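Visitor:
Numbering (the working numbering), first residue to last: 72 to 457.
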């Protein structure tokens with residue numbers, strides 16, 4: 072490459088910074104091609120912060136930009152002699168870098184999937200933000216699925232909650248009652264739905280419709296999701312499982328009692344669903360018509376992302392018409408006479424917001440797959456393979 076000094080437009084600078092934050096492959100290649108060091112990117116950030124924010128779907132936190140730029144080793148984007156990808160070829164450094172920044176489940180070219188929010192957002196009945204608070208420090212651990220891919224698990228502290236919805240809740244279904252108390256021990260749940268990179272690392276294939284390493288895997292049957300848990304367990308020595316309905320709803324609510332963990336309603340700025348529909352007096356908004364990268368929207372108070380929308384998530388339980396006779400210890404409720412159908416939770420990009428409520432229950436045949444259907448995994452701290 073010529074050593075001649077290059078000049079770059081403000082627009083180019085802003086786009087490179089933004090694409091870098093999102094982990095875009097093209098931006099990475101630009102950094103290598105033009106030998107853009109973090110100090111230069113930092114200066115570009117200061118020069119074009121306003122433009123970068125305009126380009127981004129969600130505001131880029133200045134503190135987050137600084138954290139990322141300061142954490143990148145100086146050699147990260149400067150290829151050494153005979154090695155085009157000097158930093159990325161060091162798997163140990165890459166995993167440490169990802170863990171430091173709180174990103175998991177990404178491949179070598181997906182270091183930074185998005186400007187992940189670490190703010191918990193609550194809205195009023197019309198969708199206006201009434202509270203923002205910083206996500207507290209989480210207790211997590213990560214599984215190394217391969218040299219490029221991590222799975223991050225978040226501790227869900229045990230407790231007691233009221234499962235189901237009150238009869239007064241808008242769009243409530245009969246199978247969401249009667250409400251009942253459930254007590255659960257501590258357990259861990261995936262910070263995000265299982266991504267395509269994670270699926271590929273364990274299963275060796277990827278049949279998802281909307282391709283992207285950090286998009287949730289979809290078109291997955293319950294049987295295949297169960298098989299993923301089995302293979303992950305064999306690889307790690309830990310017993311992973313699909314969450315029970317009780318585990319899923321408890322984790323989704325994260326201490327709230329409202330229809331959504333965001334409050335009485337949800338908005339398309341807070342989750343990926345069909346924004347042409349509204350819930351009660353909530354606003355309409357964008358209908359993205361596809362999945363989005365995991366972690367693109369604010370988390371709940373347990374630090375979980377995408378519990379509302381993006382993809383439906385398989386649970387271990389079989390369906391029941393009501394909660395009469397349901398377990399109260401958080402375990403899965405299995406009807407041995409009806410094992411062909413399984414429960415899904417959370418709604419998806421394809422559904423209206425009412426389907427994304429914490430208490431919403433839906434059922435599909437265990438062999439069904441669709442481009443809005445995925446899952447996440449759970450682990451109980453003491454469970455290991457013999």
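The C-beta atom is built at its ideal place from N, Cα and C for all residues, glycine as well. Every value quoted in this text rests on a predicted model; they were computed, and no experiment measured them.
Residue 270 and residue 299 - do their beta-carbons sit closer together than 8 Å?
Guide: Contact flag set, yes.
Visitor: Please work out which residues of its chain come closer than 6 Å, Cβ to Cβ, to residue 223, disregarding the five sequence neighbours upstream and downstream, and give them in chain order.
Guide: If we look at residue 223 and ignore the five residues flanking it on each side, its Cβ neighbours are 175, 211, 213 and 262.
Visitor: Near residue 254, what residues of its chain come up, given a Cβ to Cβ distance below 6 Å and the 5 sequence neighbours on each side ignored?
Guide: For residue 254, where only same-chain residues beyond five positions count, the Cβ hits under 6 Å are 231.
Visitor: Residue range of the alpha helix (DSSP H) that residue 324 falls in?
Guide: Segment 316 to 324, the alpha helix (DSSP H) holding residue 324.
Visitor: Applying the criterion that 16 or more other CB atoms from any shown protein chain within 10 Å of the CB defines a buried residue, is residue 272 buried or exposed?
Guide: Residue 272 is buried by the Cβ-count criterion.
Visitor: Under the rule that 16 or more other beta-carbon atoms within 10 Å means buried, what is residue 395, buried or exposed?
Guide: Exposed: under 16 other Cβ atoms inside 10 Å.
Visitor: Who are the near neighbours of residue 290 in its chain, counting only those whose CB is closer than 8 Å to its CB and skipping five residues on each side?
Guide: Result list for residue 290: 278, 279, 280, 440, 441, 442 and 444, in chain order.
Visitor: Kindly indicate which three-state DSSP category residue 383 falls into: helix, strand or coil?
Guide: Strand at residue 383.
Visitor: In or out: residue 197 buried (at least 16 other Cβ within 10 Å) or exposed?
Guide: Exposed, because fewer than 16 other Cβ atoms sit within 10 Å of the Cβ of residue 197.
Visitor: Cβ of residue 336 within 8 Å of Cβ of residue 321?
Guide: No, these two residues do not count as a Cβ contact at 8 Å.
Visitor: Between residue 437 and the rest of its own chain, which residues show a CB-CB distance below 7 Å, the 5 nearest in sequence each way excluded?
Guide: Cβ within range, chain order: 292, 293, 294, 411, 412 and 413.
Visitor: Check residue 259 in the structure and name its three-state DSSP category.
Guide: Looking at residue 259 - three-state DSSP - the assignment turns out to be strand.
Visitor: I need the DSSP call for residue 209, collapsed to helix, strand or coil.
Guide: The answer is coil: DSSP assigns residue 209 none of H, G, I, E or B.
Visitor: Can you list, in chain order, the residues of its chain with a C-beta nearer than 6 Å to that of residue 242? Leave out the 5 residues immediately preceding and following it.
Guide: Cβ within range, chain order: 425.
Visitor: Give the DSSP-derived three-state secondary structure of residue 249 in the structure shown.
Guide: Coil.
Visitor: Between residue 373 and residue 266, what straight-line distance do the alpha-carbon atoms span, to the nearest angstrom?
Guide: If you take the alpha carbons of residue 373 and residue 266, they lie about 19 Å apart.
Visitor: Going by the beta-carbon positions, is the gap between residue 427 and residue 316 smaller than 8 Å?
Guide: Not closer than 8 Å, so no.
Visitor: Alpha helix (DSSP H) containing residue 273: first to last residue?
Guide: Element bounds for residue 273: 267 to 274.
Visitor: Let me check one thing: in DSSP terms, what residues is residue 378 bridge-paired to?
Guide: Looking at the DSSP assignment, residue 378 forms no beta bridge with any residue, so it has no partner.
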